[in-house]
Amino acid sequence: MPAKTNSIEKATLKNHLGLDIESMKELSESLNKLLSDYHVFYQNVRGFHWNVSGSDFFDLHEKFEELYKQINKNIDELAERILTIGYRPLHSFSDFLENTDHKEIKNVRDGKQCVVHVIDELGMLIAAQREVAASAEEAEDIATTDMLTSFVVDMEKRLWMFTMFNK
4 MPAKTNSIEK
14 ATLKNHLGLD
24 IESMKELSES
34 LNKLLSDYHV
44 FYQNVRGFHW
54 NVSGSDFFDL
64 HEKFEELYKQ
74 INKNIDELAE
84 RILTIGYRPL
94 HSFSDFLENT
104 DHKEIKNVRD
114 GKQCVVHVID
124 ELGMLIAAQR
134 EVAASAEEAE
144 DIATTDMLTS
154 FVVDMEKRLW
164 MFTMFNK
């Protein structure tokens, strides 16, 4: 006869959405880091938009504006998703700078150099979003997974376009 065990299974605590509370806490931290990445990227792209000069000015000025407007929409969706899963989004620039791997980029005016920075930062964001989306999927948070997947689809296309511009 097998030995009797006295193991007690720990009940998983669920939030108001039916998602595991501990998983959502960890996910909110990852989303806040992503939010920080987005804010620094947003400010960098705004700087490129304002300061780009040279023969590509008209094209890049417009493309940077399109990009920062999309980034701003993504920022809002990220912050609202953090609230939806029961946590608070970071909201001070000092918090963003403490929680990002992105660097502030200053005084870049050359269009090709601006695009190099955009390409680098898009690549970093795509990789980070894939990682967070995988964590969200593991936590069975399909809404966050879907949101991040749509962000990646858009950013992959933009990455391709900016890469072609700099060839």
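The working numbering puts the first residue of the sequence shown at 4, with every later residue one more than the last. Even for Gly, the Cβ is constructed at its ideal location relative to N, Cα and C.
8 Å Cβ cutoff met for residue i and residue j
i      : j      : result
LEU20  : LEU81  : no
GLU124 : HIS105 : yes
Where residue i falls: helix, strand or coil (DSSP)
i      : result
SER10  : Model confidence at SER10 stands at a pLDDT of 42, short of 50, so the residue's coordinates are unreliable and nothing is read from them.
SER56  : strand
ASP113 : strand
ASP104 : coil
ASP174 : The chain is shown from 4 up to 170; residue 174 falls before or after that span and cannot be answered.
LYS36  : helix
Through-space distance from residue j to residue i, alpha-carbon basis
i      : j      : result
ALA130 : GLU25  : 24 Å
VAL111 : LEU100 : 19 Å
GLN73  : MET164 : 15 Å
GLU107 : ASN54  : 14 Å
ASN47  : ILE145 : 31 Å
ASN35  : LEU93  : 6 Å
ASP40  : ASN102 : 8 Å
GLU32  : SER58  : 42 Å
VAL121 : ALA142 : 31 Å
ASP113 : PHE67  : 13 Å
Member of the options whose CA lies at the smallest distance from the CA of residue i
i      : options                   : result
VAL155 : GLU143, LEU16 and GLU134  : GLU134
ASN77  : THR166, CYS117 and LEU151 : LEU151
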